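Inspection log for the structure reproduced underneath, given as structure tokens.
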Amino acid sequence: MMKASTHIFEKGVFIEDTATIVGPKEKAGPVGKYFDKHFDDDILGQPSYEKAEIKMHVSLIKYLMNKTKHDPKDVDLCISGDLLDEIMGTSLTMREFDIPFLGAYNACATFAECLITGAMFLTTGKFKRIICSTSSHFSTAERQYRFPLELGNQRTPLAQWTVTGAGGTMLNNTGGKVRLTSCTIGQVVDYGVKDANDMGACMAPAAKTTLSKHLRELGVSPDYYDLILTGDLGEAGSRLLKRLMSEEGIPLGDNYNDCGVLIFNRVAQDVGQGGSGAACSSTVFNGYVYKKMLSGEFKRVLLVPTGALCSKTSILQGESIPGIAHAVSFEVV
Amino acid sequence: MEIFLTYLKVFAVGGAFCLVGQILINTTKITSARILVGYLLGGVLLETVGVFKYIRNFAKAGATVPIIGFGSSLAKGAIEGTLENGLLGAVTGGIEAVSAGIAAVIFIAFIVGLLAKSKTK
Amino acid sequence: MNAPNEKYLELVHGKMPKSKHIATMFRAFWTGGTICAIGQAFTDLYSSLPYDLPEDDVSALTTITLILITAILTGFGVYDKIGAYAGAGSIVPITGFANSVVSSAIEHKREGVVLGLCANMFSVAGPVIVFGISSSIVVGIIVLIFKGAFI
Numbered sequence: 001m002m003k004a005s006t007h008i009f010e011k012g013v014f015i016e017d018t019a020t021i022v023g024p025k026e027k028a029g030p031v032g033k034y035f036d037k038h039f040d041d042d043i044l045g046q047p048s049y050e051k052a053e054i055k056m057h058v059s060l061i062k063y064l065m066n067k068t069k070h071d072p073k074d075v076d077l078c079i080s081g082d083l084l085d086e087i088m089g090t091s092l093t094m095r096e097f098d099i100p101f102l103g104a105y106n107a108c109a110t111f112a113e114c115l116i117t118g119a120m121f122l123t124t125g126k127f128k129r130i131i132c133s134t135s136s137h138f139s140t141a142e143r144q145y146r147f148p149l150e151l152g153n154q155r156t157p158l159a160q161w162t163v164t165g166a167g168g169t170m171l172n173n174t175g176g177k178v179r180l181t182s183c184t185i186g187q188v189v190d191y192g193v194k195d196a197n198d199m200g201a202c203m204a205p206a207a208k209t210t211l212s213k214h215l216r217e218l219g220v221s222p223d224y225y226d227l228i229l230t231g232d233l234g235e236a237g238s239r240l241l242k243r244l245m246s247e248e249g250i251p252l253g254d255n256y257n258d259c260g261v262l263i264f265n266r267v268a269q270d271v272g273q274g275g276s277g278a279a280c281s282s283t284v285f286n287g288y289v290y291k292k293m294l295s296g297e298f299k300r301v302l303l304v305p306t307g308a309l310c311s312k313t314s315i316l317q318g319e320s321i322p323g324i325a326h327a328v329s330f331e332v333v
Numbered sequence: 334m335e336i337f338l339t340y341l342k343v344f345a346v347g348g349a350f351c352l353v354g355q356i357l358i359n360t361t362k363i364t365s366a367r368i369l370v371g372y373l374l375g376g377v378l379l380e381t382v383g384v385f386k387y388i389r390n391f392a393k394a395g396a397t398v399p400i401i402g403f404g405s406s407l408a409k410g411a412i413e414g415t416l417e418n419g420l421l422g423a424v425t426g427g428i429e430a431v432s433a434g435i436a437a438v439i440f441i442a443f444i445v446g447l448l449a450k451s452k453t454k
Numbered sequence: 455m456n457a458p459n460e461k462y463l464e465l466v467h468g469k470m471p472k473s474k475h476i477a478t479m480f481r482a483f484w485t486g487g488t489i490c491a492i493g494q495a496f497t498d499l500y501s502s503l504p505y506d507l508p509e510d511d512v513s514a515l516t517t518i519t520l521i522l523i524t525a526i527l528t529g530f531g532v533y534d535k536i537g538a539y540a541g542a543g544s545i546v547p548i549t550g551f552a553n554s555v556v557s558s559a560i561e562h563k564r565e566g567v568v569l570g571l572c573a574n575m576f577s578v579a580g581p582v583i584v585f586g587i588s589s590s591i592v593v594g595i596i597v598l599i600f601k602g603a604f605i
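Protein chains in written order, with the working numbering: chain A, 1 to 333; chain B, 334 to 454; chain C, 455 to 605.
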């Protein structure tokens with residue numbers, strides 16, 4: 001008997017509103033028009049890319065509060081994260097706000113972790129309004145995980161492109177147009193992939209584990225959802241996931257997609273297998289998916305952000321790269 | 334005509350070294366630092382066994398511009414230094430031979446590093 | 455639970471998109487060859503100067519010139535674009551070594567001149583210096599032992 005990892009939110013957890021800010025490359029991508037704000041220069045007039053990412057995250061949270069007409073005192077908690085060491089970007093972002101803060105890190109699955117934690121807090125009834133947000137920046141991730149920007153080397157065909165952007169969701173327990181219905185907390189899954197350039201292959205088994213658990217424990221088939229969206233498996237990783245799911249006996253249909261595949265035009269924008277990063281799922285969900293849910297195109301959506309839990313040190317020491325995925329389901333009220 | 338032939342040899346041999354490097358990148362997903370180290374050690378080895386001078390005479394810059402030529406200079410310097418000055422020459426010979434390149438790279442990188450800003454791709 | 459899954463690793467390996475061998479090899483060949491030809495041009499230029507420079511000086515000057523050109527191209531953000539096109543064609547020549555030093559220096563400037571720029575200048579190219587100098591000393595010692603073979 002497996003212990004259940006899926007929780008159903010009996011008491012209402014609603015999305016009050018969402019906000020997204022992206023860089024020029026994301027704006028030029030296929031879902032560019034769904035993002036709220038964008039900037040043309042990804043350093044934002046700051047002296048460093050880290051500072052640019054912080055500025056982006058700060059303006060995202062400010063914008064989200066403006067949009068929902070709330071003061072910081074109306075927000076009970078902020079659960080946020082990013083990819084930088086010790087989630088430094090988010091920590092520095094939060095010194096701008098008088099809001100209680102919980103830092104989250106699950107690599108590119110951070111956004112799901114934020115949503116799940118936030119939703120759990122709301123179900124206690126002691127919290128009324130929680131902001132969940134993540135940010136990432138191509139230039140800060142590139143130097144942290146790979147090489148200096150000006151180093152003349154080729155990107156491998158399996159590499160993915162870190163999304164420059166920030167996405168945030170305002171959750172509350174009073175009412176909204178979209179409701180969080182359930183979540184499945186994933187576990188760390190490691191099939192032994194060691195190639196740090198092949199993130200899709202690292203994360204696909206984790207996505208499979210969480211996704212199949214979610215569907216089994218709720219007793220639904222993939223068709224139940226209008227859209228099943230993984231975080232940033234990329235093109236090759238998505239194919240691997242489809243294959244793994246078929247082997248599980250739960251083949252995925254046309255309602256399956258991946259944020260990393262959606263956000264960029266893979267060939268024309270030369271991004272390898274697609275987008276990645278903590279902001280990949282948060283911008284695509286809060287921009288594209290949320291707006292499509294409001295317009296009624298999607299009624300039920302399952303978001304499965306995926307993360308590759310590696311650090312530069314663990315890779316150099318020859319460790320394989322474990323993956324993690326959490327699932328959160330949404331329904332139009 | 335002769336100058337054309339020289340440049341053809343330079344181009345072909347230099348290009349061939351890079352082509353082999355590209356095959357290594359494509360098939361083994363090796364990083365650029367490892368490529369550089371591998372070529373460098375190859376140059377040291379070829380110079381030590383006395384093969385590199387034939388390649389150098391044939392291909393000129395086609396052999397010296399790739400990092401393999403840097404390795405050969407190191408080994409050549411070490412060999413000459415040892416024959417002249419014994420143990421001390423063995424220690425100083427290699428770095429003496431490439432001192433101009435290393436000093437230049439450090440100084441120029443320092444200056445450019447101070448002046449330039451990194452740009453997003 | 456989390457033992458390596460051989461079947462999956464095989465699947466991943468098999469489904470890996472292949473690099474475009476012919477195209478990348480051709481690009482590496484012609485750019486690498488061109489960089490060497492440029493080096494030869496500088497060698498010829500310096501040899502033809504009226505100062506009658508010895509061969510070693512000419513080759514040192516050529517190296518310095520190539521390093522300088524690379525550093526400027528790296529500083530202006532051009533070399534990484536050449537590198538994305540050429541692959542090994544711009545890594546294997548001495549210019550690739552210079553690029554890896556200069557790019558690290560630029561990248562880490564924001565953490566300060568001493569602890570950032572200077573301390574990290576060789577974060578990519580350091581192994582080249584370490585292996586290069588160490589191996590030259592090993593060669594020197596070998597020569598010392600088998601002197602006869604090298605005279």
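Quick reminder that beta carbons are idealized off the backbone N, C-alpha and C, glycines included.
Every value quoted in this text rests on a predicted model; they were computed, and no experiment measured them.
Determine the closest residue to residue i out of the options, with distance taken between C-alpha atoms.
i, options, result
"residue 574 (chain C)", "B:446, B:450 and B:452", "B:446"
"residue 13 (chain A)", "A:279, A:49, A:118 and A:250", "A:118"
"residue 599 (chain C)", "B:420, B:431 and B:433", "B:420"
"residue 565 (chain C)", "A:48, A:297, A:94 and A:110", "A:48"
"residue 8 (chain A)", "A:98, A:116, A:18 and A:43", "A:116"
"residue 110 (chain A)", "A:247, A:62 and A:185", "A:185"
"residue 23 (chain A)", "A:263, A:299, A:67 and A:285", "A:263"
"residue 562 (chain C)", "A:131, A:122, A:95 and A:150", "A:150"
"residue 329 (chain A)", "A:53, A:183 and A:275", "A:183"
"residue 230 (chain A)", "A:204, A:247, A:223 and A:243", "A:204"
"residue 291 (chain A)", "A:178, A:266, A:158 and A:303", "A:178"
"residue 368 (chain B)", "C:523, C:590, C:546 and C:491", "C:546"
"residue 73 (chain A)", "A:215, A:250, A:52 and A:131", "A:131"
Please state the DSSP three-state secondary structure of residue i.
i, result
"residue 291 (chain A)", "helix"
"residue 331 (chain A)", "strand"
"residue 508 (chain C)", "coil"
"residue 452 (chain B)", "coil"
"residue 313 (chain A)", "helix"
"residue 245 (chain A)", "helix"
"residue 7 (chain A)", "strand"
"residue 552 (chain C)", "helix"
"residue 1 (chain A)", "Here residue 1 (chain A) scores only 38 on pLDDT, less than 50, and its place in the model should not be relied on; the value that follows carries that caveat. Coil."
"residue 16 (chain A)", "strand"
"residue 476 (chain C)", "helix"
"residue 174 (chain A)", "coil"
"residue 502 (chain C)", "coil"
"residue 186 (chain A)", "coil"
"residue 301 (chain A)", "strand"
"residue 492 (chain C)", "helix"
"residue 233 (chain A)", "coil"
"residue 181 (chain A)", "strand"
"residue 169 (chain A)", "strand"
"residue 96 (chain A)", "coil"
"residue 390 (chain B)", "helix"
To which residues does DSSP link residue i through a beta bridge?
i, result
"residue 256 (chain A)", "A:228"
"residue 547 (chain C)", "B:399"
"residue 336 (chain A)", "Residue numbering for chain A in the displayed model covers 1 to 333; residue 336 (chain A) lies beyond these limits and cannot be assessed."
"residue 108 (chain A)", "A:106"
"residue 80 (chain A)", "A:103 and A:133"
"residue 323 (chain A)", "A:189 and A:308"
"residue 439 (chain B)", "Answer is none; residue 439 (chain B) lacks a bridge partner."
"residue 21 (chain A)", "A:37 and A:166"
Legend entry - chain C contacts from the segment 235 to 266 of chain A (Cβ-Cβ distance under 9 Å): 235, 236, 239, 240, 243 and 244
Legend entry - Contact list for the segment 29 to 41 of chain A against chain C, Cβ threshold 8 Å: none
Inset, instruction - Ignoring anything shorter than 4 residues or poking outside the segment 24 to 68 of chain A, list the alpha helix (DSSP H) runs there in chain order. - result: 24 to 27 and 49 to 67
Inset, instruction - Can you give me, in chain order, the residues of the segment 520 to 540 of chain C that have a beta carbon less than 7 Å from any beta carbon in chain A? - result: 528, 531, 533, 534, 536, 537 and 538
Inset, instruction - Quick one: which unbroken alpha helix (DSSP H) runs of 4-plus residues sit fully inside the segment 114 to 167 of chain A? Chain order, please. - result: 138 to 145
Legend entry - Contact set between the segment 174 to 198 of chain A and chain B, restricted to residues whose Cβ is under 8 Å from the partner: 195 and 197
Inset, instruction - Name, going along the chain, the residues of the segment 548 to 563 of chain C whose beta-carbon falls closer than 7 Å to a beta-carbon of chain B. - result: 548, 550, 551, 552, 554, 555, 556, 559, 560, 561 and 563
Inset, instruction - Output, in sequence order along the chain, the residues in the segment 335 to 367 of chain B whose CB is closer than 8 Å to any CB in chain A. - result: 358, 362, 364 and 365
Inset, instruction - Closer than 9 Å, Cβ to Cβ, to anything on chain C: give me those residues from the segment 151 to 170 of chain A, in chain order. - result: 151, 152, 153, 154, 155, 156, 157 and 158
Legend entry - Proximal residues, the segment 377 to 404 of chain B versus chain C, C-beta separation under 9 Å: 377, 378, 380, 381, 383, 392, 393, 394, 395, 396, 397, 398, 399, 400, 401, 402, 403 and 404
Inset, instruction - Residues of the segment 95 to 106 of chain A with a CB closer than 8 Å to any CB of chain C: list them in chain order, please. - result: none
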